[in-house]
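Worksheet: one structure, shown below.
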Amino acid sequence: MIIYWDLMSYDKMLSNIYKIQEIADHLCLEVEGKMVSRIEGNIDDSLIGGNVSTEGPEGKGTVSTVFTGVDIVMNHPLQETMLHKRSIQEVHQRLREINQRQT
2 MIIYWDLMSY DKMLSNIYKI QEIADHLCLE VEGKMVSRIE GNIDDSLIGG NVSTEGPEGK
62 GTVSTVFTGV DIVMNHPLQE TMLHKRSIQE VHQRLREINQ RQT
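According to this note's numbering, the residues represented by the sequence shown are 2 to 104, in order.
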């Protein structure tokens, strides 16, 4: 498995389990993701060797939550970034430095 790292923050971004294309002279990646829904907080009895009984009650009072999002974001610790004009200029400067280092 290949792990892709962000050259600006040095954080993990994603792995090669997704369809990835390099764009902009290998400085940017275009990744194809899809919307997924996941249920958290609900444990399936079959995962721990349980067997559904016809004699017992249906529910155990557990609370489950459904989370919906892009699979890339849900599988990796990605965070949304809000950039202002000055921040964008800093990003452009950093990208130029990275590009010079790569060549």
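Note that CB positions come from ideal geometry on N, CA and C, so glycine has one too.
Euclidean distance between Cα positions of residue i and residue j
i, j, result
"residue 18", "residue 78", "15 Å"
"residue 7", "residue 67", "29 Å"
"residue 86", "residue 33", "28 Å"
"residue 69", "residue 96", "32 Å"
"residue 12", "residue 41", "25 Å"
"residue 90", "residue 100", "15 Å"
Cutoff 8 Å: residue i Cβ touching any chain C Cβ
i, result
"residue 85", "Here there is only one protein chain, and chain C is not present."
Identity of the residues DSSP links to residue i by a beta bridge
i, result
"residue 67", "40"
"residue 80", "DSSP output for residue 80 lists no bridge partner at all."
"residue 30", "23"
Secondary structure of residue i, DSSP reduced to three states
i, result
"residue 8", "coil"
"residue 96", "helix"
"residue 18", "coil"
"residue 13", "strand"
"residue 75", "helix"
"residue 35", "coil"
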